[in-house]
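Number of protein chains: 2
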Amino acid sequence: MLKSHEELAATNECCEITCIHQNIVEEVREKLPDEETLYDLAELFKVFGDSTRIKILCALFESEMCVCDIATLLNMTQSAISHQLRVLKTNKLVKNRKVGKVVYYSLDDAHIKHIFDQGLAHITE
Amino acid sequence: MLKSHEELAATNECCEITCIHQNIVEEVREKLPDEETLYDLAELFKVFGDSTRIKILCALFESEMCVCDIATLLNMTQSAISHQLRVLKTNKLVKNRKVGKVVYYSLDDAHIKHIFDQGLAHITE
DNA sequence: TTAATATATGAACAACAATTCATATGTTCA
DNA sequence: TGAACATATGAATTGTTGTTCATATATTAA
Chain A
57 MLKSHEELAA TNECCEITCI HQNIVEEVRE KLPDEETLYD LAELFKVFGD
107 STRIKILCAL FESEMCVCDI ATLLNMTQSA ISHQLRVLKT NKLVKNRKVG
157 KVVYYSLDDA HIKHIFDQGL AHITE
Chain B
57 MLKSHEELAA TNECCEITCI HQNIVEEVRE KLPDEETLYD LAELFKVFGD
107 STRIKILCAL FESEMCVCDI ATLLNMTQSA ISHQLRVLKT NKLVKNRKVG
157 KVVYYSLDDA HIKHIFDQGL AHITE
């Protein structure tokens, strides 16, 4: 049996927030993944959440490419692409190999295409 | 046969950007999803790319919840949660039903858990 | 109707992030 | 060695976004 709002208000430990379904809150709290996992997950999706980076990843689905090729493809400066590639590499989404002056980038993980496709399935439903 | 760098530089139509593998760039350009699709995809991932919103979605995997319950669960203000729920609803990730004063939120789409799980698979590999 | 309460929302603020610009690094070739 | 070039990077700038604060809206109960 749920408590009345008055009872809940009386036993409420939060300073400003009232809470109606204390029991549900406690149940959900126990099942939530830990703080760090959820933070890391948000960080991962944040990397996908920029159209320049999405375009780069999408291009790399098709072919390994060097920095200046990607810049040409996306009609952006070499510097902008290089900065974004660093973000992608830091987050282990791309890897690179150096041949002389040229640095070739490619995807670093098979999960990436799956994440991408799930997102695509959502927006094209 | 690839052109020499000098030949490429001579025929390069970009003002500042040099491009080494023109053929690859053209091939990839043809296969890239259109601009708008990639923009929408980035927008979707952007919604997942905030730890508050990820926590809300994750909570709603377990149970339908009202605004003040979510605020209590995450130890945040009602206003902050309400603002984020609006973002989630605008992007069709949650839906709500109103019972008197109370508004209950729940997930609006089956894809969401798949996207979430693919992300989780990546960070926990 | 009035008080209490659950939620929504606009404006302001602060933190963050993407691009640009200038320049540094490292490699090749003459 | 020096010139050309592909890439990387730090700083500055500009645009974006999450939270807070104050307040509005809407519903219930007295």
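First to last, the protein sequences are chains A and B. So the number in the working numbering is just where the residue sits in the first sequence, counting from 1, plus 56. So the number in the working numbering is just where the residue sits in the second sequence, counting from 1, plus 56. For every residue, glycine included, the Cβ atom is placed at its ideal position computed from N, Cα and C.
Per DSSP, the bridge partner or partners of residue i
{"i": "CYS122 (chain A)", "result": "A:TYR160"}
{"i": "ASN152 (chain A)", "result": "A:TYR161"}
Length of the line joining the Cα atoms of residue i and residue j
{"i": "ALA166 (chain B)", "j": "LYS157 (chain A)", "result": "46 angstroms"}
{"i": "ASP164 (chain B)", "j": "LEU163 (chain A)", "result": "31 angstroms"}
{"i": "GLU80 (chain B)", "j": "CYS122 (chain A)", "result": "Checking the sequence shown, residue 80 (chain B) turns out to be Ile, not Glu. If I take the Cα positions, the gap works out to 10 angstroms."}
{"i": "VAL159 (chain A)", "j": "ARG85 (chain A)", "result": "46 angstroms"}
{"i": "ASP96 (chain B)", "j": "THR74 (chain A)", "result": "36 angstroms"}
{"i": "LEU144 (chain A)", "j": "GLU118 (chain B)", "result": "32 angstroms"}
{"i": "ILE171 (chain A)", "j": "GLN78 (chain A)", "result": "34 angstroms"}
{"i": "ILE76 (chain B)", "j": "GLU120 (chain A)", "result": "13 angstroms"}
{"i": "SER107 (chain B)", "j": "LYS169 (chain B)", "result": "16 angstroms"}
{"i": "VAL150 (chain A)", "j": "VAL103 (chain B)", "result": "22 angstroms"}
{"i": "LEU116 (chain B)", "j": "LEU113 (chain A)", "result": "30 angstroms"}
{"i": "THR180 (chain B)", "j": "GLN174 (chain B)", "result": "10 angstroms"}
{"i": "ASN147 (chain B)", "j": "LEU100 (chain B)", "result": "7 angstroms"}
{"i": "LEU94 (chain B)", "j": "GLU82 (chain A)", "result": "39 angstroms"}
{"i": "ASN152 (chain A)", "j": "TYR161 (chain A)", "result": "4 angstroms"}
{"i": "ALA177 (chain B)", "j": "GLY105 (chain B)", "result": "16 angstroms"}
Environment of residue i [buried if 16+ CB atoms lie within 10 Å]
{"i": "ARG109 (chain B)", "result": "buried"}
{"i": "THR128 (chain B)", "result": "buried"}
{"i": "LYS154 (chain A)", "result": "exposed"}
{"i": "HIS139 (chain B)", "result": "exposed"}
{"i": "ASP125 (chain B)", "result": "buried"}
Closer than 7 angstroms: residue i CB and nearest the ligand MG heavy atom
{"i": "THR108 (chain B)", "result": "Because no ligand of any kind appears in the structure shown, any question about the ligand MG cannot be addressed here."}
Do the segment 80-93 of chain B and the segment 131-139 of chain B touch if we need at least three Cβ pairs shorter than 8 angstroms?
-> no
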